[in-house]
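K.L.:
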Amino acid sequence: MSEHERIRTLLPLAASGDLSPRDMRRVDEHAARCAACRKASDELAALASSLRALPTPQPPAELVARVCRLGTTRLELQRTPRNGTAFLAPLVAASWVAALATWPLVRAEFHWLFGGWHVPAGGLVGTVGAYSILGFVLACASALAVGMSAREIRRSK
Amino acid sequence: MAPSEVSGDILAVQNGDPEAFASLLGRYQNRLYRYLLRWVHEPASAEDLFQQTWMRVIQNIRRFDAKRNFDAWLFAVARNIAIDYLRRRRPASLEEPLGDDLFVSDALATGTPGPLDQVLRSEKIESVRRALESQPPLYREVLTLRFEEEMKLEEIAEVLSVPLGTVKTRLARALERLRTAFLCMQREEVSS
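Chain order of the listed sequences is D and H. First residue of the first sequence? That's 90 in my numbering, and the numbers climb one at a time after it. First residue of the second sequence? That's 56 in my numbering, and the numbers climb one at a time after it.
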């Protein structure tokens with residue numbers, strides 16, 4: 090590659106002001122004695138200047154207003170899950186305790202429905218333990234379902 | 056506005072502050088819209104992408120490190136959305152061959168003073184805009200980021216996720232191609 094060709098590859102970056110001082114000096118020295126490169130350099134510099142002067146198109150005001158409105162709504166929705174998450178754990182625990190506490194009533198009222206299957210072998214401790222685990226698992230599953238449903242609703246918005 | 060104020064707004068948006076979001080939107084709306092319009096040409100598509108970009112920003116803002124360059128991050132988000140859009144619409148048009156036709160204008164050059172000598176005049180600006188629109192998207196993009204956004208090459212490299220050398224090469228080719236396109240347009244106008 091000749092010096093002329095090498096300089097030609099540098100001309101666009103010279104026009105955009107992105108050459109090192111050393112390369113810029115090389116370009117200037119070559120352009121001083123090469124009419125073709127001088128002309129190309131002037132044209133590129135003029136183009137760069139014109140690009141900087143292009144008018145900036147404005148987005149429509151109603152678009153900006155809509156994006157602002159949507160953005161605000163999204164930000165509010167994003168804040169909600171954090172509160173929801175904070176409440177979710179105590180809610181699960183509370184529902185579990187409530188289920189456990191009311192179980193004797195349910196059992197008394199609906200004994201005809203359950204029959205005798207709900208009394209596991211192992212006495213009182215075993216029964217309470219089994220119901221506790223069952224209640225906790227159900228409460229967690231419910232919380233998970235609620236959480237997934239809330240996420241779907243957020244996505245659809 | 057000072058960078059620290061931008062960082063403050065970003066932190067506030069990360070905490071869900073709608074006023075900070077409105078401030079951020081106001082500050083970047085023109086620049087972002089222009090960038091997207093250079094990608095897709097049609098205002099209707101640019102508007103759609105503008106909205107999508109801001110929704111994506113909100114979705115990911117909490118993961119953004121406020122010490123980083125927000126401009127580069129924002130434009131990178133917009134870029135990904137624009138590229139997805141163009142790939143869906145015109146799968147083959149995004150990257151036209153980046154050939155070595157750098158100096159086609161050499162063949163066009165004559166000894167007489169060229170039309171670009173007076174390019175700074177305002178009536179030429181429209182021709183430059185049309186020449187810019189005739190370029191492939193990747194070239195339009197780098198020209199817009201460098202000359203309209205006045206980003207440094209390092210920032211452009213961050214937006215494009217490419218090495219600095221690639222940015223330099225692409226910018227040089229883009230500017231040279233734009234010159235060629237502009238000269239051709241000028242010649243056509245003169246001959247018609």
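Note that beta-carbon positions come from the ideal geometry of N, C-alpha and C, so glycine has one too. Since we're looking at a predicted model, the values are computed, not measured.
Go ahead and label H/Q84 buried or exposed: buried means 16 or more other beta carbons lie within 10 angstroms of its beta carbon, across all protein chains shown.
P.N.:
Locating residue 84 of chain H in the second sequence gives position 29, where the first residue counts as 1. H/Q84 should be labelled buried.
K.L.:
DSSP three-state label for H/D156, please.
P.N.:
Taking the first residue of the second sequence as position 1, residue 156 of chain H is located at position 101. Unreliable positioning characterises H/D156 in this predicted model, as indicated by a pLDDT of 39, which lies under 50. The coordinate reading is nonetheless provided below. Coil at H/D156, not helix or strand.
K.L.:
Could you name the residues of the region 147 to 173 of chain D whose beta carbon sits closer than 8 Å to any beta carbon of chain H, in the order they occur along the chain?
P.N.:
Q147, P148, P149, L152, V153, R155, V156, C157, L159, G160, T161, R163, L164, E165, Q167, R168
K.L.:
Is DSSP giving H/M206 helix, strand or coil here?
P.N.:
Locating residue 206 of chain H in the second sequence gives position 151, counting from the first residue. In the structure shown, H/M206 sits in coil (DSSP, three-state: anything other than H, G, I, E or B).
K.L.:
Out of H/R201, H/W94, H/Q107, point me to the one whose CA is closest to H/Q190's CA.
P.N.:
By one-based count along the second sequence, residue 190 of chain H stands at place 135. Closest option to H/Q190, Cα to Cα, is H/W94.
K.L.:
Which term fits H/V12, buried or exposed, when burial requires 16 or more other beta carbons within 10 angstroms of its beta carbon?
P.N.:
This structure cannot speak to residue 12 of chain H, because chain H is shown only from 56 to 247.
K.L.:
Looking at C-alpha atoms only, which residue of H/V222, H/E243, H/A212 is the closest neighbour of H/W128?
P.N.:
As a working mapping, residue 128 of chain H is identified with position 73 in the second sequence. Looking at the Cα atoms, H/A212 is the closest of the given residues.
K.L.:
Do you know offhand how far H/R242's Cα is from H/D139's?
P.N.:
Taking the first residue of the second sequence as position 1, residue 242 of chain H is located at position 187. Taking the first residue of the second sequence as position 1, residue 139 of chain H is located at position 84. Going by the C-alpha atoms only, they are around 36 Å apart.
K.L.:
Given 8 Å as the limit, is there contact between the region 114 to 132 of chain D and the region 216 to 227 of chain H, that is, 3 or more CB pairs closer than that?
P.N.:
These segments do not touch.
K.L.:
What whole-angstrom Cβ distance do H/A186 and H/A236 have, given they're in contact under 8 Å?
P.N.:
In the second sequence, the residue the question calls residue 186 of chain H occupies position 131. In the second sequence, the residue the question calls residue 236 of chain H occupies position 181. 4 Å between Cβ atoms; contact.
K.L.:
Who are the neighbours of D/S130 on chain H, taking C-beta pairs under 9 Å?
P.N.:
Position 41 of the first sequence holds residue 130 of chain D. Under the 9 Å cutoff, chain H gives no residues; its nearest Cβ is about 11 Å from D/S130.
K.L.:
Give the straight-line distance between the Cα atoms of H/P192 and H/R142, rounded to the nearest whole angstrom.
P.N.:
What you label residue 192 of chain H is simply residue 137 of the second sequence in a count that begins at 1. What you label residue 142 of chain H is simply residue 87 of the second sequence in a count that begins at 1. Using only the alpha carbons, I get a separation of about 11 Å.
K.L.:
Would you give the residue range spanned by the alpha helix (DSSP H) that H/F237 belongs to?
P.N.:
Mapped onto the second sequence, residue 237 of chain H falls at position 182. It spans 219 to 246 - the alpha helix (DSSP H) in which H/F237 sits, taken as one unbroken run.
K.L.:
Closer than 9 Å by beta-carbon distance: list the chain D residues that pair up with H/N85, in chain order.
P.N.:
Walking along the second sequence from the start, residue 85 of chain H turns up at place 30. Those within 9 Å of H/N85 in chain D are T145, P146, Q147, P148.
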